[in-house]
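*Asks:* 0 is the number of the first residue of the sequence shown in numbering that gives the first Met the number 0; add one for each residue after it.
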Amino acid sequence: MLKYILPAILLTVVPVTVCLGSQQADHYVKITLPVADTVFTEGAMHRVAGNTTPGSVVTLGGDPVRVYSNGTFTGMLAIPYGYSNHEILSVSPGRDTLSTHLFFFRSDPPGDLPDHPVTIDRLTITPAADLWLEPGEVVEVGFRGSPGHDATFDIPGVVMNAPMRELNPSESGGLRGIYRGSYIIRETDRADGQMIRVRLRRTFYSYDRTEAAGRITVVRPEEPEFVVTRGFRPFLSAGTGTDRLGGARLGYIDEGILLRVTGKQGNLYRVQLADNTTAWLGEQFAEAAEINGLPPALLTGSASVNRNGRKDVITIALGRRLPYLSRQVNKPNLIELDIFGVASNTNWITHHLAAEGIESVDWKQIDHDHVRFYIRLTGKHHWGYSIRYTDTSNLEIRVNRAPEIADRRNPLRGVRILVDAGHGGSNDGAMGSLGVKEQVPALDISLKLEEALKRKGAAVIMTRTDNSFVSMGERQRVALETDPHMLLSIHLNSVGYGTNPERVKGTSTYYRHVGNKPLADLLYKKMMETGLGQFGVVGGFNFTLNQFTEFPNVLLETGFISHPEDEMKLLDPAFQQRLVDKIVEGLEAYLRD
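Below, the structure is given as structure tokens:
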């Protein structure tokens with residue numbers, strides 16, 4: 000009977016229910032992942048998680064899976080193309096049987112379009128976003144269409160009837176009808192938001208034709224475009240790539256910096272930092288600027304090193320606000336500051352004795368319009384720094400000193416620590432076999448950490464203390480306004496829906512800037528002392544709260560909620576306390592070092 004009603008079932012997404020096949024009232028089986036009994040997917044495998052009466056035997060689609068001591072289980076289902084019905088069966092120690100079903104629809108793999116009628120797949124045309132290109136750069140055009148026909152593209156006023164080649168199936172994943180063409184922008188070309196028109200010949204006189212979503216603008220070197228940085232924490236990226244956390248960021252810069260635009264892809268401007276250095280800036284951080292001609296070349300002026308409270312301050316005189324990037328270096332500890340669009344004329348660096356955290360400041364001319372300053376630190380660890388313009392032309396680098404420790408037996412006294420409980424409110428985070436959302440244990444662990452740190456005399460700031468939603472922008476604001484000595488973000492890890500959760504478990508720490516690696520290493524080792532397995536220390540991580548240079552920061556993925564063993568530990572209040580105690584020990588050791 001099921002096979003006749005399956006299509007109707009698949010149209011409705013409802014919570015998973017259990018079909019009772021037994022009279023034993025206390026026997027149950029509950030599926031927590033997927034969260035609905037009907038799933039549309041393109042993956043060949045799909046993760047399943049749930050819980051049942053402890054001691055039961057569970058099969059997923061006929062294959063037995065391990066049932067843990069608390070009744071949790073997890074595993075993978077192989078998903079064929081089309082509609083499929085998968086039974087999850089639980090047999091209790093008393094031989095009572097319960098079953099439930101999951102229904103999947105997996106899209107068929109893409110195939111060739113029919114030879115006739117000749118057609119272009121409108122959803123596959125590239126470029127899909129606007130492009131600004133300079134002479135010498137290449138426009139690449141492509142689409143999927145009926146195989147075996149002649150294809151061309153036009154950019155009116157630039158090129159007509161540019162040929163396109165149908166790729167060999169060995170070049171296109173076995174598919175026919177994948178067409179590609181390109182054109183190199185010439186010095187004489189002019190285009191301002193010009194369309195790209197593609198054609199696929201039907202007969203000698205007729206075509207299927209349409210336009211790409213992306214349009215072409217030619218950037219003329221003799222007619223330069225400029226933008227000025229604006230907004231909250233504008234940042235430069237290395238390229239146009241992206242992942243779930245965004246593209247690879249080079250660093251944050253101040254607002255009010257004039258940048259020359261040399262290209263654009265979608266909502267990203269390509270900006271010229273120096274003759275041989277470009278970066279990408281989001282449209283939301285850019286305001287068009289009207290400038291006549293190119294700004295004059297500049298020279299750096301004198302520099303000074305002084306103290307302001309718990310910070311040492313380096314000030315560099317420049318002629319106007321120029322772009323810059325920075326990075327941390329370990330062993331020896333230093334900050335490298337690159338300033339672009341300038342040559343050095345810094346012949347006077349005044350170093351006041353009060354600036355005890357700075358060993359020295361010097362510079363090197365990297366290119367004719369690129370100067371690098373080396374700020375060497377006296378301390379063993381990086382404690383953060385900020386860079387900003389104090390007016391139109393003076394660049395200020397504020398370098399934090401290590402917290403003052405009055406009692407080495409209790410080094411946390413007086414230290415300001417920001418504890419960020421991950422997710423919250425409508426942002427659930429991951430979920431495991433018991434159906435508990437990540438935001439719950441993340442908050443539980445964070446509150447225990449807050450209490451433990453306060454007992455040690457630390458001043459603790461929390462981004463959330465209840466099950467409320469806190470935006471990432473608000474978390475950043477809290478961090479910048481409270482100026483902590485350290486930031487710890489507490490999370491639980493998880494595999495994706497297509498990865499076998501039984502194969503991945505353990506604790507891990509994450510950092511973006513290399514100056515935070517020693518802290519990440521130490522906290523990782525301490526968390527493993529609880530018995531959690533190894534997943535690793537991950538550097539270069541693109542999480543927003545790892546982007547700060549203003550203070551040391553580490554993301555703690557305490558364990559995998561997707562693995563039942565880690566999940567059992569991380570939901571246990573006693574284990575949470577042991578974990579917190581180890582984190583505190585790690586912070587104390589770092590401060591004493």
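Glycine included, every Cβ here is placed at the ideal spot set by N, Cα and C. Computed from a predicted model, the values in this text were never measured in an experiment.
Could you tell me the boundaries of the alpha helix (DSSP H) in which R577 lies?
*Replies:* Boundaries of the alpha helix (DSSP H) around R577: P572 to R591.
*Asks:* From what residue to what residue does the alpha helix (DSSP H) around R94 run?
*Replies:* Note, R94: premise wrong, no alpha helix (DSSP H); not H, not E.
*Asks:* For S21, I'd like the list of residues in its chain whose CB is within less than 8 Å of its CB, leaving aside the five on either flank, ordered along the chain.
*Replies:* Since pLDDT at S21 reaches only 42, below the 50 mark, its modelled position is unreliable, and the value read off the structure follows with that caveat. Counting only Cβ-Cβ distances below 8 Å, and skipping sequence neighbours, we find S91, D95, T96 and L97.
*Asks:* Classify T389 as helix, strand or coil using the three-state DSSP reduction.
*Replies:* coil
*Asks:* Near R248, which residues of its chain fall below 6 Å by C-beta distance, leaving aside the five closest residues on each side in sequence?
*Replies:* Around R248: F234 and S236.
*Asks:* Quick check on the burial criterion: 16 or more other C-beta atoms within 10 angstroms. Buried or exposed for M526?
*Replies:* buried
*Asks:* Count the C-beta pairs between the stretch 181-189 and the stretch 135-154 that are closer than 8 Å, then say yes if the count reaches three, no if not.
*Replies:* Yes, they touch.
*Asks:* For V328 and V536, what's the separation of their Cα atoms in angstroms?
*Replies:* 18 Å
*Asks:* In chain order, which alpha helix (DSSP H) runs of at least 4 residues are fully inside the stretch 426-488?
*Replies:* 438-454 and 471-481
*Asks:* Judging by CA-CA distance, which residue of Y67, P146 and T37 is the nearest neighbour of T51?
*Replies:* Taking only the C-alpha atoms, the option nearest T51 is Y67.
*Asks:* For G176, which of S145, L586, M194 and F39 has the nearest alpha-carbon?
*Replies:* S145
*Asks:* Could you name the residues that DSSP lists as bridge partners for R319?
*Replies:* Note: R319 sits in no beta bridge, so no partner.
*Asks:* May I have the straight-line CA-CA distance separating Y523 from G472, to the nearest angstrom?
*Replies:* 27 Å
*Asks:* If you measure from the CB of P223, is any heavy atom of the ligand PLP nearer than 7 Å?
*Replies:* The model on display carries no ligand, and the ligand PLP is accordingly not part of it.
*Asks:* Between which two residues does the alpha helix (DSSP H) holding D565 run?
*Replies:* P563 to L569
*Asks:* Below 7 Å CB to CB, which residues in the same chain sit around D193 once its five sequence neighbours on both sides are set aside?
*Replies:* Per the sequence presented here, residue 193 reads as Gln, with Asp not at that position. Result list for Q193: I154, P155, G156, V157, R214 and I215, in chain order.
*Asks:* Going by DSSP in three states, S89 sits in which element: helix, strand or coil?
*Replies:* S89 sits in a strand when the DSSP states are folded into three classes.
*Asks:* Opposite K263 in the DSSP bridges: which residues?
*Replies:* W131 and Y268
*Asks:* So is D565 buried or exposed if we call it buried at 16+ other beta carbons inside 10 Å?
*Replies:* buried
*Asks:* Is the stretch 299-307 close to the stretch 160-168, with three or more CB pairs under 8 Å?
*Replies:* At 8 Å Cβ cutoff, the stretches do not touch.
*Asks:* Between V579, F339 and P331, which has its C-alpha nearest S359's C-alpha?
*Replies:* P331
*Asks:* I need the straight-line Cα distance from T543 to R476, nearest angstrom please.
*Replies:* 12 Å
*Asks:* Can at least three beta-carbon pairs, one atom from the stretch 347-354 and one from the stretch 435-452, be found at a separation below 8 Å?
*Replies:* no
*Asks:* Can you look up Q22 in the DSSP assignment and give me helix, strand or coil?
*Replies:* Low confidence applies here, because Q22 scores a pLDDT of 46, under 50, leaving its location unreliable and the question unanswered by this model.
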